[in-house]
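Working notes for the structure below.
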Amino acid sequence: MTIGIPRALIYWKQPHFWETFFEELNFKVLLSPPTNKEIVEKGVKVSDPETCFSEKVFFGHILWLDGKCDYIFAPRLKTNKEKLEYCPKFFGIPDLAKIIVKSPILTETFDEKREKFKKTLGRLGKKLNKNQREIGEAAKIALLKEKELEEREKEGFLKEMEKKEKKIALVSHPYNLYDDYVNLGVKEKLEKLGAQPIFIEEVPIEKIQNPEPGTQNLGYPKFHWEFGKEIMEKIDRILDYSIAGAIEISSFQCGCDAVLKEFVEKKFKENKIPFLYLLIDEQTGEAGIQTRLEAFMDTLK
Amino acid sequence: MKKPIITFARWGNYTIAFKTLFDQLGLEVIPPEKTNQKTIAEGAKIAPEMYCFPLKVTLGNYLPAIRKGANTVFMVQNIGGSCRQRYYGIVQEKVLKEAGYDINFLDFRATPKDIYSTIKKISGASTWQILRAARFFFKKLNLIEKIEKIAQFYRSREIEKGTTDKVLAESFSEIEKADKEEDFSRIKKEVLKRFSKIQIDKNKKLLKVALVGEIYTVCDPTINFDVESKLGKEGIEVHREMDITYHLKKLIFPWKDWTIQRKINPYLRSTVGGHGRDAIYEMLNYVKKDFDGVIHLLPFGCMPEVTVRPILEKIHLESGIPFLSLSLDEQVAEAGINTRLEAFVDVVRNYHRHKHLTSNI
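These protein sequence lines map, in sequence, to chains A and B. Counting in this note's numbering, the first sequence runs from 1 upward without gaps. Counting in this note's numbering, the second sequence runs from 1 upward without gaps.
Shown next as structure tokens:
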């Protein structure tokens, strides 16, 4: 049996985890290819015109998988370990996916306010006729792999910080940062311009909870969104290093970024770091981005 | 501290009731300016570009009031659950301060306890006074909602076009003037009497159209270009379930949400924030009740409503009921909306005729 995983949106929240998990359970995994023009066009055609660009790309990937596998995996992510919510658009993804594809959708609700992650995994495995022991093993290996990746990222971050080039923080969601087609290769473009891009996603944060939250003024509200808290904390962390500039990439019509941008911008401006806000959608041209990046690099000198 | 002079977020005809609430607490109030193209443009100018429409509208409403001397803004948060409404207060405070207005922002959670403590702190009124003010507020609110419903009935049946809207406007100004609770039952009677005097055609066969969608746009006639009245004058009876009472009831009694979830399970198995689920539930209900059309109103890019729209479209395809989705923002012009409504009314009429033709055979 083949399980299809769309290489978009939620996939980038936990890359390799789901792949490894299903492979360890002896399923064949079909990962959709990196985003390309055809996928984006397909996605844009079927999805609501006002939904965010990232979701349109996601539906494109799902359409690519349609008919090529037995199940398409689209989990419903609601709350994470810290009981913080994901984007409300994630809540409806499996239901919307059901409307546009013919292949059955494999889904499970991950809501850690109600249930531990492992338990939900158990229920997911049950749907696939696997017993608890097998699921436990698979989850363990997948988690190990995820941790390994995290370690590698941390090492990579420290190495990047040691370099002499001008460091530019790229602030965005993982599905915009790692998808080179979606962000029009911002990383490569910056490197060519002689800068060292730092993904905010890779900034390590110590997992120490504040003893008394809310006592100090953070300069941003207490977000109920997991990425809101994570990104703001990571920005606080990266300000300890010397960075030359910061770029925020946002998909068009991303509702959450409309809130987040206000505070990200404020934070960098307070610290007198040049800030560039890039909006991406299916019509963004490569030349336009190139010009803006070049202009931005000039302001740094 | 300076003496607080209050202004608050405008919300359609309910604004009158909110004003009373603060008046009764002995606070000085400058009501927010009525929404028009100018206030919308002003609000949109200083608001974050990507933010949803109601934030820009309410911001535009505050500004004239602030210039008239208001120094304290009331804003309730998390009305909408998981959506952006939660950050309205914080973001509005930020942009107002950046635009150079020195204001005090009261941002509170929509729980009875939080509302009570905020009001208590700002007004210094006694518990008894607060309870009395709240009672008067609910009385007014109920009457406003009631006459809105009555107007929906009369508007589509009236013989002389425009009478209902005139009576409605008069009634609102009378309700606004009422400042003593003792007089209110008399005013209520008078208002209701006025409506009963409107001459109507009782046997008129009517088309029925429902409004579903985001609560703010559905309830506020100034930002949805008075869809209700426009359809009513075409001889269409308009229904809507959304109003403040509906929302408050849901906030206090959660079981309504459970029923909604159970009914919409084949379409959506989770909340999507805001009133996303309600739109699906209502639309299914209206299909069952044999309505002739559904209009979906939402602010451009509203996260919950945009998520459920493909599902509403699916229901529309399955049942055949005419469906029109109108996204509203500062760039939408009235002429565009009118054209779309006219075309929609034609579709609704055709659908109705066709339905009755086939059922007679």
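Here a beta-carbon is modelled for each residue, glycine too, at the ideal position from N, C-alpha and C.
message: So with CB distances below 7 Å, who are the chain A contacts of K250(B)?
response: Here the premise fails: no neighbours, minimum Cβ distance about 17 Å.
message: In the DSSP output, what is W225(A) paired with across the bridge?
response: Residue pairing of W225(A) in beta bridges, as defined by DSSP: E85(A).
- prompt: Which two residues bound the contiguous alpha helix (DSSP H) that contains H316(B)?
  reply: Per DSSP, the unbroken alpha helix (DSSP H) holding H316(B) starts and ends at 303 to 319.
Closest by C-alpha distance to Y87(B), when choosing among M297(A), S250(A), G228(A), L239(A): G228(A)
message: For N176(A), count the other beta carbons within 10 Å of its own beta carbon; 16 or more makes it buried, fewer makes it exposed. Which is it?
response: buried
task: Leaving out five residues on either side along the sequence, give the residues of the same chain with a beta carbon under 8 Å from the beta carbon of C256(A).
output: For C256(A), where only same-chain residues beyond five positions count, the Cβ hits under 8 Å are C87, W225, F227, G228.
message: Whole angstroms are fine: how far does the CA of V287(B) sit from the CA of G67(A)?
response: 33 Å
task: Leaving out five residues on either side along the sequence, give the residues of the same chain with a beta carbon under 7 Å from the beta carbon of E241(B).
output: E282
- prompt: Taking the alpha-carbon positions, what's the I238(A) to E151(A) distance?
  reply: 17 Å
CB contact flag (T164(B), A151(B), <7 Å): yes
- prompt: With 16 as the cutoff for other CB atoms within 10 Å, does M75(B) come out buried or exposed?
  reply: Taking all protein chains shown into account, M75(B) has 16 or more neighbouring C-beta atoms within 10 Å of its C-beta and is therefore buried.
message: Strictly under 7 Å for the Cβ-Cβ distance: is S270(B) near chain A by that measure?
response: yes
Proximal residues to L184(A) (C-beta, below 6 Å), its chain only, five neighbours per side dropped: E286, I289
field: N- and C-terminal bounds of the alpha helix (DSSP H) containing V57(B)
entry: 53 to 67
Residues that DSSP places opposite F110(A) in a beta bridge: L77(A)
message: Quick check on K68(A): does DSSP put it in helix, strand or coil?
response: Here K68(A) sits in coil by DSSP.
message: I need the DSSP call for R240(B), collapsed to helix, strand or coil.
response: strand
- prompt: Which residue or residues does DSSP assign as beta-bridge partners of Q196(A)?
  reply: K167(A)
message: Quick check: the Cα distance between L211(B) and D290(B), rounded to an integer number of angstroms?
response: 14 Å
query: Apart from the five residues on each side of it in sequence, which residues of its chain come closer than 6 Å, Cβ to Cβ, to P211(A)?
result: Residue placement at P211(A) is flagged as unreliable, the pLDDT there being 47, under the threshold of 50; the coordinate-derived value follows with that caveat. The beta carbon of P211(A) sits closer than 6 Å to no other beta carbon from its chain once the five residues preceding and following it are set aside.
task: Report the three-state DSSP secondary structure of Y277(A) (helix, strand or coil).
output: Judged by DSSP in its simplified three-state form, Y277(A) adopts strand.
task: Go through its chain and collect everything with a Cβ distance to G235(B)'s Cβ below 6 Å, but skip five positions before and after it.
output: S156
Candidates K68(B), V345(B), L251(B), of which the one nearest R109(B) by Cα: L251(B)
field: Anticipated Cβ contact below 8 Å, D278(B) with K208(B), distance rounded
entry: That belief does not hold up - the Cβ atoms of D278(B) and K208(B) are roughly 19 Å apart, past 8 Å.
message: At the 7 Å Cβ level, is R340(B) part of the contact set with chain A, yes or no?
response: Not an interface residue.
- prompt: In whole angstroms, what is the alpha-carbon distance linking S251(A) and D95(A)?
  reply: 22 Å
Partner residues on chain B for T284(A), Cβ-Cβ distance less than 8 Å: Those within 8 Å of T284(A) in chain B number zero; the least Cβ separation is about 15 Å.
query: Are L300(A) and G245(A) closer than 7 Å when you measure CB to CB?
result: yes
- prompt: Between which two residues does the alpha helix (DSSP H) containing M161(A) stretch?
  reply: 132 to 162
message: So L260(A) and I280(A) are supposed to be a Cβ contact under 8 Å. How far apart are they, rounded?
response: Not a contact, Cβ separation roughly 15 Å.
task: In angstroms with no decimal places, state the Cα-to-Cα distance between D70(A) and E313(B).
output: 27 Å
task: Let me know the secondary structure DSSP gives F344(B) once reduced to three states.
output: helix
task: Give me the Cα-Cα distance between I72(A) and P304(B), rounded to the nearest whole angstrom.
output: 24 Å
message: Whole angstroms are fine: how far does the CA of Y241(A) sit from the CA of V29(A)?
response: Straight-line Cα distance between these residues: approximately 40 Å.
- prompt: In the DSSP assignment, what residue or residues form a beta bridge with F74(B)?
  reply: F74(B) is bridged to F8(B), L106(B).
Where F91(A) meets chain B, residues with beta-carbon distance less than 8 Å: Near F91(A) (Cβ distances below 8 Å), the residues of chain B are S82, S270, T271, V272, G273, T307.
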